[in-house]
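Asks: Residue numbers (the working numbering): 1 to 61.
Would you mind keeping the following structure in view while I ask a few things?
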């Protein structure tokens with residue numbers, strides 16, 4: 001369960017589909033604070049991780 005994932009439940013329940021959520025950040029990102037932020041490098045790594053996950057999924061691994 002990830003923060004903000006609650007709104008996905010009705011949609012996924014209706015479809016009967018699984019879901020996965022990937023979070024990126026670091027301890028100093030100040031999640032949910034007024035000055036929440038993400039480092040560009042963390043964003044890039046998260047994007048690459050998502051691409052790899054999709055690649056493995058579609059290759060059937």
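Every residue, glycine too, gets a C-beta built ideally from N, C-alpha and C.
Would you tell me roughly how many angstroms separate the C-alpha atoms of residue 55 and residue 35, rounded to the nearest one?
Replies: Cα to Cα, the separation comes out at about 34 Å.
Asks: How is residue 46 classed by DSSP in three states: helix, strand or coil?
Replies: Residue 46 falls in the helix class under three-state DSSP.
Asks: Within the same chain, show all residues whose beta-carbon is closer than 8 Å to that of residue 43, passing over the 5 residues directly before and after it, in chain order.
Replies: Around residue 43: 24.
Asks: Smallest Cα separation from residue 51: which of 37, 28 and 21?
Replies: The residue with the shortest Cα to Cα distance from residue 51 is 21.
Asks: Note down the Cα distance separating residue 1 from residue 14, rounded to an integer number of angstroms.
Replies: Low per-residue confidence applies at residue 1: pLDDT is 48, beneath 50, and the placement is therefore not dependable enough to give any value.
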